[in-house]
Amino acid sequence: MKTIQLREGKERSLQRRHPWVFSGSVAKGGGDAGETVRVVGHDGGFLAWGAFSPASSIRVRAWSFDAAQRIDAAFFLQRLQRAIALRSRMGIASDGQRLVHGEADGLPGLVVDRYGDVLTLQFGSAGTERWRDTIADALLQATGLHRLYERSDASVRALEGLPERTGWLRGEGDGDGDGEGEGEGDTAITITEHGWQLGLDVALGHKTGYYLDQRDNRHHFARLVRQLGCRTVLNCYSYTGGFSVAALAGGAQQVTSVDSSAPALAQARDNLRRNGHDDAAHAFVDADVNAYLRQCLQDSRQFDAIVLDPPKFAPTAAHAERAARAYKDINRLALKLLAPGGLLLTFSCSGGVSADLFHKIVAGAGIDAGVNAAILQRLEGAPDHPTTLEFPEGEYLKGLALLRC
Ligand code: SAH
485 MKTIQLREGK ERSLQRRHPW VFSGSVAKGG GDAGETVRVV GHDGGFLAWG AFSPASSIRV
545 RAWSFDAAQR IDAAFFLQRL QRAIALRSRM GIASDGQRLV HGEADGLPGL VVDRYGDVLT
605 LQFGSAGTER WRDTIADALL QATGLHRLYE RSDASVRALE GLPERTGWLR GEGDGDGDGE
665 GEGEGDTAIT ITEHGWQLGL DVALGHKTGY YLDQRDNRHH FARLVRQLGC RTVLNCYSYT
725 GGFSVAALAG GAQQVTSVDS SAPALAQARD NLRRNGHDDA AHAFVDADVN AYLRQCLQDS
785 RQFDAIVLDP PKFAPTAAHA ERAARAYKDI NRLALKLLAP GGLLLTFSCS GGVSADLFHK
845 IVAGAGIDAG VNAAILQRLE GAPDHPTTLE FPEGEYLKGL ALLRC
């Protein structure tokens, strides 16, 4: 077993059970990509078992802080079972669930989502890549499912020196594993979220197919639309129309979904129909949101409720300043477009923008817009994307529900 020794004074992070060792903390030692290494302090004392990643600035991701732990198939099965058991106690109102959320579940770099009876996996670190087959088999054992689709196409793989890889890893799509019946449609799945039917595609969709992290905020939005009697709704960055389905379920009369992805809008149209909504109640706009909001202002339009759920503008804190300007701009425009008494749900999924900073950015947007608003609620990601006490970096999605005064 290879040993990685840390520089003096760099032990504290692992001692506090934070799973990352940055390259600058390593005094000596190395290993192959994904190899299990023993990490010791400057004094030689055991700190953690981890996976070595020669290409990444996160040089080691810790598997375990227990010196007696063996990192083997039984270890992965036990961690997966623990993550799944946690979800079963969370009261998740959907058969689309995040079963494993990386570091928060003691499996750094691994994301597993379940959509009905199909599992999707993302191997986002050298360590998870090395244990790919072991993890796949353990996951089938832990869930009792058969179909497993790999979506290892997230940009983080490049930082780990790993190529993109997508495709069926187990089960071939038709459920019986014999390879027959595999066709174009077999990656299309329907989930039931808070009673709504939502279609998605695990091969073609964003991330692993759907934005599961917004599940409870979509449901909450439906309740607010009803409570406030919102009739006209603008859903910006709509993707496949999750918030639009929610708005119509909440009694909205006219909903507009804006996104720059034509396939996402096609799926949104399908999702509205599946839930029994008349096409006349809905408009789909394939456009850049910023440009569309400016156009709406020019046309003096107003909306009773607006959702702003943009993509990640700031992956890390280094991008925060430019991202802040982009967030401020769309929030300023949206606040101006709100009818008096209107509702704005505004989000940031940027890890580099804290909840506190986001609040400040939106406050600045309100001042620039000349609009005052009350914070009805602070919003966060669904509980199956947990933030643990030991790994605050896991907190990425934050939002505000604002009522225009
Ligand atoms: N609210 C959605 C998730 C939004 S993800 C849900 O609940 O499922 C962000 C979306 O923004 C993606 O669908 C992406 O296609 C879209 N997007 C990214 N940049 C955009 C832009 N400049 N204008 C319009 N849409 C954009």
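Numbers 485 to 889, taken from this note's numbering, label the letters of the sequence shown in order. Using N, Cα and C, we set each Cβ at its ideal position, and we do this for glycine too.
When secondary structure is reduced to three states using DSSP, alanine 736 falls in the coil class, being assigned neither helix nor strand.
Closer than 8 Å to some heavy atom of the ligand SAH: that describes the Cβ of histidine 690. The count of Cβ pairs closer than 8 Å, one atom from the segment 778 to 797 and one from the segment 697 to 714, reaches three, so the stretches are in contact.
Out of Gln581, Leu887 and Leu594, the CA that lies nearest to the CA of leucine 829 is found in Leu887. With fewer than 16 other beta carbons inside 10 angstroms of its own, serine 541 counts as exposed. Ranked by Cα distance from serine 784, the first of Leu822, Phe536 and His766 is Leu822. With respect to glycine 608, alanine 535 sits apart: the two C-beta atoms are not nearer than 9 Å. For the pair lysine 691 and glycine 725, the Cα-to-Cα distance works out to about 16 Å.
The beta carbon of cysteine 720 sits closer than 8 Å to at least one heavy atom of the ligand SAH. Within the DSSP secondary-structure output, alanine 731 pairs in no beta bridge. Here leucine 718 is near alanine 818, since their CB atoms are less than 9 Å apart.
Excluding five sequence positions before and after alanine 746, the CB atoms of its chain that fall closer than 8 Å to its own CB belong to Asp770, given in chain order. DSSP places valine 521 within a strand segment (E or B) once states are collapsed to three.
The closest heavy atom of the ligand SAH lies 8 Å or more from the beta carbon of serine 834. C-alpha of leucine 881 to C-alpha of isoleucine 814: approximately 17 Å in a straight line. When rounded, the separation of the alpha-carbon atoms in glycine 689 and asparagine 759 is 20 Å.
Excluding five sequence positions before and after lysine 812, the CB atoms of its chain that fall closer than 6 Å to its own CB belong to Ile845, Gly848 and Ala849, given in chain order. The beta carbon of alanine 748 sits closer than 6 Å to those of Tyr723 and Thr724, all from its chain and outside the five residues before and after it, given in chain order. Under the three-state reduction of DSSP, tyrosine 721 is assigned to coil, being neither helix nor strand. When DSSP states are grouped into helix, strand and coil, glycine 508 belongs to the helix group. With respect to glycine 835, histidine 585 sits apart: the two C-beta atoms are not nearer than 9 Å.
Look at tyrosine 633 here: in three-state DSSP terms it is strand. Around the beta carbon of aspartate 550, fewer than 16 other beta carbons sit within 10 angstroms, so the residue counts as exposed.
Sequence-distant Cβ neighbours of alanine 557 in its own chain, meaning closer than 6 Å and more than five residues away, are Thr618. The chain-ordered list of residues whose CB is nearer than 5 Å to some heavy atom of the ligand SAH reads Tyr695, Gln698, Tyr721, Tyr723, Gly726, Asp743, Ser744, Ser745, Ala748, Asp772, Val773, Asp793 and Pro795.
In this structure the segment 599 to 613 does not lie against the segment 492 to 510, because fewer than three pairs of beta carbons, one per stretch, are closer than 8 Å. Glutamine 581 is classed as buried because its beta carbon has at least 16 other beta carbons within 10 Å across all chains shown.
If you compare the alpha carbons of Val544, Gly679 and Cys833 with that of glutamate 864, the shortest gap goes to Cys833. Non-local C-beta neighbours of serine 548 in its own chain, meaning closer than 6 Å and more than five positions away in sequence, comprise Trp533, ordered along the chain.
A Cβ-Cβ separation of about 7 Å places isoleucine 568 in contact with threonine 627 under the 8 Å criterion. Runs of alpha helix (DSSP H) with 4 or more residues, each lying fully within the segment 539 to 624, are found at 557 to 572 and 610 to 614, listed in chain order. For aspartate 754, same chain residues with a beta-carbon under 6 Å away, outside a window of 5 residues either side, are Gly683 in chain order. Annotation for aspartate 589: Ala567 place their beta carbon closer than 6 Å to its own, counting only its chain and skipping 5 residues before and after.
Straight through space, the alpha carbons of leucine 591 and phenylalanine 560 are spaced by roughly 8 Å. For the pair cysteine 889 and glycine 826, the Cα-to-Cα distance works out to about 8 Å.
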